[in-house]
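Chains A and B supply the protein sequences, listed in that same order.
Taking our numbering, I'd label the letters of the first sequence as residues 462 to 671.
Taking our numbering, I'd label the letters of the second sequence as residues 155 to 402.
Built from N, CA and C at the ideal position, the CB exists for glycine as well.
In this text, all values refer to a predicted model and were calculated from it rather than measured experimentally.
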Amino acid sequence: MKVLRKGDIFEQVFVDESVNLHIVQEAGSRVKIHLINFSSATNTVTVEQTGEGCETEIYALAYVRGEEQVTTETHVKHAVGGGKSNQLIKFVLDDNARGRFIGDLKIVQDAQNTEAHQTNRNLLLSETAEMRTQPQLEIYADDVQATHGASTGQLDESALFYMQQRGIGKQKARQLLVNAFMKEVLDKIPNSLIPNSLIPLLDTIDGVVE
Amino acid sequence: MNELLRIENLHASIGGKEILKGVNLVINEGEVHAIMGPNGAGKSTLSAVLTGHPAYEVTEGKVLLHGEDLLAMEPEIRARAGMFLSFQYPVEIPGVSMTNFMRTAINEKRAYEGKEPLTPKEFLTLMREKKKLLELPDKLNNRSVNEGFSGGEKKKNEIFQMAMLEPCLSILDETDSGLDIDALRIVAEGVNRLKTPQNASIVITHYQRLLDYIVPDFVHVLADGQIVKTGDKTLALVLEEKGYEGIA
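Listed below in structure tokens is the structure:
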């Protein structure tokens, strides 16, 4: 367990790791976690806001194929009011890959004026890929701004045809759409923290690396 | 005059329902053909079939582009061979910038032609030059393809892409729909300026209005999946006056 003292900032990018983190945030501290997985992994991230004015951001992207499986589990608890949390979790699954997201968001009764958002978007590139999403929201305070959304879909066929009609080969068109889908999560990584291993991928995605 | 496109006895269906029931049409280089007809006649099906939309099945007939079997080609190969469709409803592609989209398209076509890709500088110069033609703003480069564009901007963007790709055969599918008169003029002028003695256009429209700006050499009436009448530009005026019933 890691404790962030008043005003501390913790920001880290994890690439192709199984991450197990438990962070307790004291007042005014900030957490920003980026989980990027291209092979099987199990991630568990638990963050508790125990002081006022904390900010928590969790961004996760998994892009796997073959028989790979990625599970990402987040537990975000607002024990004190006035805090913010934002989670954006995306999976891209090809072949027989399996994805699972468990998103547990809790706002206790006294945690008024909390702002909490959780979004899970998944893209299935094959008929046999499978995604399971389990958002669990427990909101006991009444004066909060909380949103959550989860959706799983396929590549937009009309966009694929549009690109082919302009001469872009089908495989390349698919890759452009997948990259566009991933961009939203990858864009959250600040330039100074981009690991070398991600540069070749980011180079193929618009506007992430100039 | 060189033949560009030949359509012979083309039958096509979607979901088992026959829409095109024997279309015949020959288009030579330098010509503009208008295709008019009532809703449900098969106008948009014709453009979808010619560009290879996967939802449609060709059940009979053949189509040759420069003498080559068009129907045997994948949609992207048809495009690289010079076939361009200005979509009636251009598709929004969030997260793919116009610049990346267009650069990919141009360089795929160049690779097909055995040419080197354009350098970033050459590409941006070309973008700037062609955008002027359509009076499109520079900020468009960094925006996602068609995302948040107004109806007019989307149609201008189609013609801009046509200007970039320099197709030999352009199909304008209801390009006038949803355009105010100023946008219509800009789009039509763009199309007219792209005209050369080597390329040709098919203009699909409901209304005569667009044909005041893009003057066709031939007007065809498509009804119930067949071309039932062909004439010169004056046929469009007759249709406007008497309706499709009037010419049957």
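Neighbour list for residue i in chain B, Cβ cutoff strictly below 7 Å
{"i": "I629(A)", "result": "E230, T258, A259, E262"}
{"i": "A620(A)", "result": "V245, I247"}
Sequence-distant residues of its chain with Cβ nearer than 6 Å to residue i (five each side left out)
{"i": "A502(A)", "result": "S479, V531"}
{"i": "H374(B)", "result": "I189, I381, T384"}
{"i": "T253(B)", "result": "N295"}
{"i": "N583(A)", "result": "F552, M592, T613"}
{"i": "S490(A)", "result": "L465, D469, C515"}
{"i": "K644(A)", "result": "I666"}
{"i": "L389(B)", "result": "V373"}
{"i": "G527(A)", "result": "D556"}
{"i": "G543(A)", "result": "E513, G514, N574"}
{"i": "A521(A)", "result": "L496, T533, I550"}
{"i": "V217(B)", "result": "I161, L224, L225"}
Residues that residue i contacts on chain B, provided the C-beta gap is smaller than 9 Å
{"i": "L637(A)", "result": "I247, G249, V250, N254, F255, T258"}
Cross-chain neighbours of residue i in chain A, by beta carbon under 8 Å
{"i": "L319(B)", "result": "R627, G628"}
Chain A contact for residue i (CB, 8 Å cutoff)
{"i": "F241(B)", "result": "yes"}
{"i": "G233(B)", "result": "It should be pointed out that residue 233(B) corresponds to Ala in this sequence rather than to Gly. Yes, A233(B) counts as interfacial toward chain A."}
Neighbour list for residue i in chain B, Cβ cutoff strictly below 8 Å
{"i": "K633(A)", "result": "T258, E262"}
Test: residue i CB closer than 8 Å to a CB of chain B
{"i": "Y520(A)", "result": "no"}
{"i": "I623(A)", "result": "Reading off the sequence, residue 623(A) comes out as Tyr, not Ile. Answer yes: the Cβ-Cβ gap between Y623(A) and chain B drops below 8 Å somewhere."}
{"i": "D664(A)", "result": "no"}
{"i": "V670(A)", "result": "Bear in mind that a pLDDT of 37 at V670(A), under 50, signals an unreliable position, so the number given afterwards is only what the model happens to contain. V670(A) does not count as touching chain B."}
{"i": "K467(A)", "result": "no"}
Local Cβ density within 10 Å of residue i, reported as buried at 16 or more and exposed below that
{"i": "I260(B)", "result": "buried"}
{"i": "A202(B)", "result": "buried"}
{"i": "E307(B)", "result": "buried"}
{"i": "T535(A)", "result": "buried"}
{"i": "V464(A)", "result": "exposed"}
{"i": "D223(B)", "result": "exposed"}
{"i": "N156(B)", "result": "exposed"}
{"i": "S251(B)", "result": "buried"}
{"i": "P208(B)", "result": "exposed"}
{"i": "M624(A)", "result": "buried"}
8 Å Cβ shell around residue i - same chain, five flanking residues per side excluded
{"i": "R264(B)", "result": "E270, P271, L272"}
{"i": "L290(B)", "result": "E307, K310, N311, F314"}
{"i": "R635(A)", "result": "L586, L616, L621"}
{"i": "D603(A)", "result": "Q573"}
{"i": "Y361(B)", "result": "D330, E394"}
Other residues of its chain near residue i: CB distance less than 7 Å, five sequence neighbours each side excluded
{"i": "E214(B)", "result": "N163, H165"}
{"i": "L287(B)", "result": "A317, G344, R347"}
{"i": "K408(B)", "result": "Only positions 155 to 402 of chain B appear in the structure, and residue 408(B) is not among them; the question remains open."}
{"i": "S587(A)", "result": "D555, D556"}
{"i": "R403(B)", "result": "Given a span of 155 to 402 for chain B in the structure shown, any question on residue 403(B) remains unanswerable."}
Open item on the list: Please identify, using Cβ separations under 9 Å, the residues of the stretch 636-662 of chain A that lie next to chain B, in order along the chain.
Closed with: Within the stretch 636-662 of chain A, those residues whose Cβ lies closer than 9 Å to any Cβ of chain B are, in chain order, L637, L638, N640, A641, F642, M643, K644, E645.
Task: Residues of the stretch 196-219 of chain B whose Cβ lies closer than 8 Å to any Cβ of chain A, in chain order - done: T205, G206, H207, P208
Open item on the list: Please identify, using Cβ separations under 8 Å, the residues of the stretch 308-341 of chain B that lie next to chain A, in order along the chain.
Closed with: Q315, L319
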